Ligand code: GLN
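Residue numbers (our numbering): 2 to 306.
In structure tokens form, the structure reads like this:
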């Protein structure tokens, strides 16, 4: 298995020349675009790694599935989907356009920025500090890594330059979709996006979802299998932004990407996969990571379809 992973990493590293690292959050621009790494964890507790799998990166949009798990557990399905829809948009992840043209005004799904910001506003806690700490404790538990924390430089960089997210959030407040203090909600969102992880951390979360919300090592059930299923379904329909349809056809694995270069994938009842490659394609997905998981899916016949 590791020789297969090594071969596929080196093959797909070539693709990294065709993409670019994200720079709209200035601190993300520091990443080395040539890096590509993978960690695969299977339900038999085997771990396989290759390439730059040890590199740390910020989780970015992958955090949207974390906040959604908490918001669903805190509020129940009905309340959550009253505020945020379940349909893919076909628009880029940071698009604003449908907020005004779709009635009633609610973000189409929790995987676009607008939807994720609403989801962050639905995490329970007495203040934004407590809300974010609940999220941090939760991700520490499901990743099995107690030392996960925020990359402060990325957080401040994002907070300073996040005007597009700020614009959406204030608009949604004016429509009554977001309640409470907008800056506090954004603070949770910016912090959750800036949590620093590595491939193994996100592979563990993929494995946890593959196990229907149960920790592989302790057999502890953390979220209901039903919520785990909702999350994996969103990963299929919206997890790779406006490239999710193509990804479903070419790869066929529930996955969520982030502009930090991460891809978290979950092969039901089989494995969790964590990939890092900060060179991104035009849609904002890791270009080498996409190639790598596509090849892996073909070689190991991992498509769920
Ligand atoms: N923090 C990023 C943003 O809000 C997350 C986007 C992403 O990873 N696609 O723009």
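Here a beta-carbon is modelled for each residue, glycine too, at the ideal position from N, C-alpha and C.
As the structure is a computational prediction, the values presented were derived from the model and not from experiment.
- A heavy atom of the ligand GLN is found nearer than 6 Å to the CB of residue 194.
- Proximity of the beta carbon of residue 114 to the ligand GLN is indicated: a heavy atom of the ligand is located closer than 6 Å.
- Inter-segment contact for the segment 82-94 and the segment 234-252 is present: three or more beta-carbon pairs are separated by less than 8 Å.
- For residue 2, no beta strand (DSSP E) run applies, since DSSP gives it neither H nor E.
- Between the segment 46-55 and the segment 185-203 there are three or more inter-stretch CB-CB distances shorter than 8 Å, so the stretches are counted as touching.
- Cβ contact annotation for residue 63 (same chain, cutoff 6 Å, sequence separation greater than five): 257, 259, 263, 265, in chain order.
- A contact is defined here as three or more CB-CB pairs under 8 Å, and the segment 26-39 meets this definition with respect to the segment 7-14.
- Residue 266 is bridged by DSSP to 256, 274.
- Look at the beta carbons and you see the segment 159-176 touching the segment 96-115: at least three pairs across the two are nearer than 8 Å.
- Take the alpha-carbon of residue 106 and the one of residue 181: they are about 17 Å apart.
- Note on geometry: alpha-carbon atoms of residue 144 and residue 67 lie some 11 Å from one another.
- Proximity of the beta carbon of residue 260 to the ligand GLN is indicated: a heavy atom of the ligand is located closer than 6 Å.
- Sequence-distant partners of residue 295 (beyond 5 residues in either direction) whose C-beta falls short of 8 Å from its own C-beta, in its chain, are 251, 252.
- Residue 111 counts as buried, since no fewer than 16 other beta carbons sit within 10 angstroms of its beta carbon.
- Not one heavy atom of the ligand GLN sits closer than 6 Å to the Cβ of residue 222.
- Closest in C-alpha terms to residue 281, from the list 123, 84, 15, 128, comes 15.
- By a beta-carbon distance limit of 8 Å, residue 97 contacts residue 169. Their separation comes to about 6 Å.
- Per the DSSP secondary-structure output, residue 292 pairs with nothing in a beta bridge.
- Between residue 188 and residue 121, the CB-CB gap reaches or exceeds 7 Å.
- Our two residues, residue 183 and residue 292, have alpha carbons roughly 38 Å apart in a direct line.
- With a threshold of 16 other beta carbon atoms within 10 Å, residue 193 meets it and is buried.
- The Cβ-Cβ distance between residue 195 and residue 151 falls below 7 Å.
- Between the ligand GLN and the CB of residue 56, the shortest heavy atom gap is not smaller than 6 Å.
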